[in-house]
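Take UniProt numbering: the final residue in the sequence shown is number 392, and no numbers are missing along the way.
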Amino acid sequence: MEIYCDNAATTALDPEVIEAILPFLTQNFGNPSSSHWAGRKVNEAIADSRRLIAGILNASDDEIYFTSGATEGINLAISGVVLTYGINHVITSKIEHKAVLQTISQLEKKGDVETSFVKLDERGNVDLDHLENLLRANPRTLICLMHGNNETGNLTDIKAVSKLAQQYNAIFFTDTTQTIGKYRFDLEQIPVDFLVGSAHKFHGPKGTGFIYINKKHRIKAQIFGGGQEKGQRGGTENVIGIIGLAKAMQVAYRDLDANLEKTGKLKQYMLSRLAISGVQDMDYNGESRSLEKSLSNILNVSFPCLPEGSLVKILDASGIAVSGGSACSSQGSSHVISALRCRQNRENVRFSFSKFNTFDEIDHIVQAIAGIYRAGQAAQQNQSRFHFELTN
Ligand code: PLP
């Protein structure tokens with residue numbers, strides 16, 4: 001039996017998305033820049049996709065630019081702002097995705113920016129007072145703070161950050177890779193300058209996404225070419241990716257309430273099963289345990305180290321795909337877990353759910369975990385070889 005419970009890494013394609021893409025793999029092959037019928041057909045489909053995404057976010061069509069995914073959008077937003085406006089100060093946090101931290105660090109190495117890290121509490125929540133102090137001291141600032149953390153699921157109050165950004169005339173980029181498709185946005189109500197989305201996080205294809213650029217900005221491009229995407233991003237469009245992205249957005253927002261309910265129930269169910277699993281000394285990282293303060297589809301559990309090896313690897317050998325960073329081995333904890341004041345020498349495992357997971361699968365995962373710890377204890381008590389096999 002194979003169980004996939006790593007949906008914060010990527011998700012399975014939705015059948016409706018596959019259906020939407022198919023005509024663009026077969027008959028609709030034109031280049032959207034061509035002025036003839038074949039090009040026009042595809043060009044119109046791209047325009048429809050842009051309109052659909054803009055509508056969902058309460059933005060306008062000309063604020064949506066297609067990219068190869070969130071990483072490209074992040075690079076474009078951060079480098080674009082710094083190079084266009086000469087902004088030389090960035091406020092970010094230690095728990096951002098590497099795409100954000102690495103982009104900032106490259107700019108820092110070139111001497112383009114200085115970085116301030118906003119304080120986080122022990123659960124990884126942004127200290128808004130400290131953010132305000134930093135903004136007060138640095139008038140020309142770019143704020144890069146993520147909406148939903150990809151490891152702990154922690155949600156940042158982007159409404160509060162947006163308010164502060166407006167009050168101090170700062171530019172606000174938020175990495176929404178984990179929340180687009182899982183959270184309702186109204187960019188009229190909560191204005192931001194830039195945000196990004198990536199289709200493969202919500203049952204669309206990999207290698208395709210978008211950046212929202214508030215219409216008050218026109219930033220320097222990073223990829224030059226034939227003037228596509230209004231010159232913000234050259235190169236023939238990834239037509240299949242764009243069609244798949246838009247369909248995935250449409251399906252995700254049409255079914256948003258049902259999906260949130262399903263993943264929230266899966267998370268609650270897993271919490272309740274773990275509580276009676278018999279595994280001792282478990283903990284939860286960040287705000288992961290909370291349904292209000294973290295994403296409904298992410299649960300990050302801190303387990304005691306197993307002398308027999310990595311829990312994630314043993315689960316994998318049993319057909320269960322989850323992810324994590326182990327401080328029990330040479331692999332070490334992730335930069336996110338290290339930045340939070342989490343317990344040391346623990347195995348941190350991220351379980352991340354999607355609408356395709358079932359309660360049966362959660363039962364299997366928890367039974368497997370409990371079985372692994374029991375087998376570990378037995379091996380220690382009897383001084384015998386560790387052996388674990390998942391039945392059925
Ligand atoms: N930002 C966050 C929070 C993510 O979780 C990811 C993907 O793991 C990325 C950025 C990068 O996204 P992409 O795979 O579309 O480049």
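Using N, Cα and C, we set each Cβ at its ideal position, and we do this for glycine too.
Taking C-alpha atoms, which residue in the options lies nearest to residue i?
i: V336; options: N31, G124, D61 and P23; result: G124
i: L135; options: M282, T115 and S35; result: T115
i: K215; options: L195, N88 and T177; result: L195
i: N88; options: K110, D157, Q102 and I365; result: K110
i: A54; options: D186, G371 and Y168; result: D186
i: I240; options: G376, I21, V17 and S310; result: I21
i: residue 393; options: S79, L83, E2 and N43; result: Residue 393 falls outside the range modelled here, since the chain spans only 1 to 392, and no answer is possible.
i: S290; options: G324, I3, Y269 and A9; result: Y269
i: R385; options: A321, T358, G309 and R346; result: G309
i: G227; options: T10, S33, A8 and V366; result: S33
i: G225; options: E237, I219, H217 and N138; result: E237
i: D363; options: R273, I223, T11 and E96; result: R273
i: H217; options: D283, L83, L266 and H97; result: L83
i: S277; options: I369, L52, N7 and K163; result: I369
i: E122; options: N154, H97, P139 and L315; result: N154
i: D62; options: I104, P191 and E229; result: E229
i: S162; options: E151, T176 and I190; result: I190
i: residue 397; options: D129, T177, N285 and H147; result: It is not possible to answer for residue 397, since the shown part of the chain is limited to 1 through 392.
Tell me whether residue i counts as near the ligand PLP, meaning its Cβ is closer than 7 Å to at least one heavy atom of that ligand.
i: S198; result: yes
i: G69; result: yes
i: residue 397; result: With the chain covering only 1 through 392, there is no way to say anything about residue 397.
i: N150; result: yes
i: Q178; result: yes
i: A321; result: no
i: D6; result: no
i: D175; result: yes
i: M146; result: yes
i: I74; result: yes
i: G209; result: yes
i: A99; result: yes
Per DSSP, residue i is paired with what?
i: A174; result: Per the sequence shown, residue 174 should be read as Thr rather than Ala. T174 pairs with L195.
i: N300; result: R350
i: V279; result: V279 is not bridged to any residue.
i: G324; result: V349
i: F66; result: F210
i: N150; result: Paired residue(s): none; N150 is not in a bridge.
i: T92; result: F117
i: C144; result: F173
i: S294; result: N154
i: V126; result: L120
i: Y4; result: A321
i: Y284; result: V301
State whether the stretch 63-71 contacts the stretch 223-236, with contact taken as three or more CB pairs (one from each stretch) at a distance under 8 Å.
yes
Would the stretch 169-180 count as touching the stretch 128-146 if we require 3 or more Cβ pairs under 8 Å?
yes
Counting Cβ pairs, one atom from each stretch, are 3 or more of them under 8 Å apart for the stretch 185-201 and the stretch 26-34?
no
Inter-stretch contact (C-beta, 8 Å, three-pair minimum) for the stretch 336-354 and the stretch 293-305:
yes
Between the stretch 206-226 and the stretch 243-255, can you find at least three pairs of beta-carbon atoms closer than 8 Å?
yes
Using 8 Å as the threshold, is the stretch 252-268 in touch with the stretch 38-48, meaning 3 or more CB pairs across them?
Contact fails: fewer than three Cβ-Cβ distances are below 8 Å.
The stretch 32-41 in contact with the stretch 176-191 per 3-pair CB rule at 8 Å:
no
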